[in-house]
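Worksheet: one structure, shown below.
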Amino acid sequence: MEPWLGVIIYDVSEETTENMPDGPSFEERVLTRLDAINGRLRSLESQAERRAVETKPIWERALAEILEVKEHLGALEQASNQMVRKIDVLAKDMLTMRADQTGLEYRLDKLQSKPMS
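When we follow the numbering used here, the leftmost residue of the sequence shown carries the number 1, and every step to the right adds one.
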């Protein structure tokens, strides 16, 4: 420890509280500070409550709109799935029709290639 530090500590520790300047006691100062902190805390709590009340309708509306969009999205998904099934059926029908047409064209070519007697 530095020698000068020991002198400061010695001087401070030897001073009695009676020699302290007049003014509010330590307890009074602490209580005053706690009261000030408590007042600020109450103010912050009331601001938070007020903001919660102000923003609650906004969040409720947003949630309702999100749910509505979710419902519409579900309906669109169902419609999309139905369209996919219809396109699949149409493709199968088209393939069957083309196969039939190919068969008819083959038969027609066969008939046309027969010599006429």
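C-beta atoms are modelled at their ideal positions from N, C-alpha and C, and glycine is treated no differently.
Quick one: give me the first and last residue of the alpha helix (DSSP H) that residue i is part of.
i, result
"Ser124", "Because the chain here runs from 1 to 117, residue 124 falls outside it and cannot be looked at."
Just the C-alpha distance for residue i and residue j, rounded to the nearest angstrom, thanks.
i, j, result
"Glu65", "Leu76", "16 angstroms"
"Pro24", "Ile58", "49 angstroms"
"Tyr106", "Asp100", "10 angstroms"
"Ala36", "Lys56", "30 angstroms"
"Ala48", "Glu60", "18 angstroms"
"Val89", "Thr102", "20 angstroms"
"Glu27", "Ser46", "28 angstroms"
"Lys70", "Leu34", "50 angstroms"
"Arg50", "Arg42", "12 angstroms"
"Arg98", "Lys86", "18 angstroms"
"Asn81", "Leu63", "27 angstroms"
"Glu54", "Arg29", "38 angstroms"
"Gly39", "Ala52", "20 angstroms"
"Leu95", "Leu104", "14 angstroms"
Tell me which residues share the same chain as residue i and place their Cβ nearer than 8 angstroms to its Cβ, disregarding the 5 neighbours each side in the sequence.
i, result
"Lys114", "none"
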